[in-house]
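Written below as structure tokens is the structure these notes are about.
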Amino acid sequence: MSTAEDPGAGRSRRPRRPSGDDRERALLATAERLLEERPLAEISVDDLARGAGISRSTFYFYFASKEAVVLALLDRVVAEARAARAEALSGTAGARAAWRAALVTVRDTFRDHRALTAAATELLAASPEVRGLWSAVMDDFVAETAAAIEAERARGAAPPGPPARDLAVALNWMNERVIQVSVSGHGPGLAADDLLDVLLTVWLRTIYGSDADPDEPRNLPADTSLK
10 MSTAEDPGAG
20 RSRRPRRPSG
30 DDRERALLAT
40 AERLLEERPL
50 AEISVDDLAR
60 GAGISRSTFY
70 FYFASKEAVV
80 LALLDRVVAE
90 ARAARAEALS
100 GTAGARAAWR
110 AALVTVRDTF
120 RDHRALTAAA
130 TELLAASPEV
140 RGLWSAVMDD
150 FVAETAAAIE
160 AERARGAAPP
170 GPPARDLAVA
180 LNWMNERVIQ
190 VSVSGHGPGL
200 AADDLLDVLL
210 TVWLRTIYGS
220 DADPDEPRNL
230 PADTSLK
């Protein structure tokens, strides 16, 4: 049996050099960690680069600014929230359970990434890119909600009323503000234990005219249009 060393053995034991994807992930992880500790205004590009183990000049190979890092983080979180919300609306048995599951996904996004969403909120006024991303998110939520309301009306579970899209706009922006202030602790908000129940009650009464289970037989009012 040969005892000659495998010429590739030494190479296989060398530490793997970080790839571009590794560095980008490290920057994003560093940004979210630092945002948990202090506001974006107090975080520098040097802080981000140092936390990711790269130089300042290398940072600019991946991102144009620290705001761009926040945008990339937000984009990733938004993609997760969109997928989870769409699955909740389509994959949960029963209308009440589906609406609640959809509310849970939005609540969890704000709660689990509260520092990031706070930073994004600060950037809304100054960053067209952040405004554009958030507007696209809300447009998607509104479209999904409007389609679900129309489907509930079509099957006779919800009464006719104001245009489904108008209700969807009001309900989703209510979610955005109420959840944001409640999880951030800024301003009057709802207690964590009450948040979902209160929001669900508003959604059900707005869509169905009652917070009873929409899947139980009941007599629907002929019209709930706002006069």
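According to the numbering used here, the sequence shown holds residues 10 to 236 in order. Note that the Cβ used here is the ideal one computed from N, Cα and C, for glycine as well.
Take residue i and list the residues in its own chain whose beta-carbon comes closer than 7 Å to its own, dropping the five residues that flank it on each side.
i, result
"residue 54", "65, 68 and 75"
"residue 191", "198, 199 and 204"
"residue 149", "91"
"residue 87", "142 and 146"
Looking at the secondary structure, which residues open and close the alpha helix (DSSP H) in which residue i lies?
i, result
"residue 141", "137–163"
"residue 117", "104–121"
"residue 59", "54–61"
"residue 200", "Residue 200 -> no alpha helix (DSSP H), and no H or E assigned at all."
Does residue i come out as helix, strand or coil in the three-state DSSP assignment?
i, result
"residue 170", "coil"
"residue 72", "coil"
"residue 134", "coil"
"residue 185", "helix"
"residue 224", "coil"
"residue 94", "helix"
"residue 243", "Shown here, the chain extends from 10 to 236; a query on residue 243 therefore has no answer."
"residue 85", "helix"
"residue 47", "coil"
CB-CB under 8 Å to residue i, same chain, minus the five flanking residues each way: which ones, in chain order?
i, result
"residue 224", "103, 104, 105 and 166"
"residue 97", "107, 110, 111, 113 and 114"
"residue 94", "111, 114, 115, 150 and 153"
Would you grab the beta carbon distance between residue i and residue j for me? Rounded to a whole angstrom, and I think it's under 8 Å.
i, j, result
"residue 155", "residue 173", "4 Å"
"residue 220", "residue 210", "5 Å"
"residue 82", "residue 37", "5 Å"
"residue 49", "residue 60", "Contact flag wrong, Cβ pair sits at about 14 Å."
"residue 138", "residue 80", "5 Å"
Comparing alpha-carbon positions, which option in the options lies nearest residue i?
i, options, result
"residue 202", "98, 120 and 124", "120"
"residue 215", "195, 187 and 181", "181"
"residue 194", "46, 94, 115 and 124", "124"
"residue 183", "115, 30 and 49", "115"
"residue 187", "171, 206, 170 and 51", "206"
"residue 122", "40, 177 and 161", "40"
Which same chain residues, not among the five before or five after residue i, have their C-beta less than 6 Å away from its C-beta?
i, result
"residue 72", "78"
"residue 128", "44, 49 and 79"
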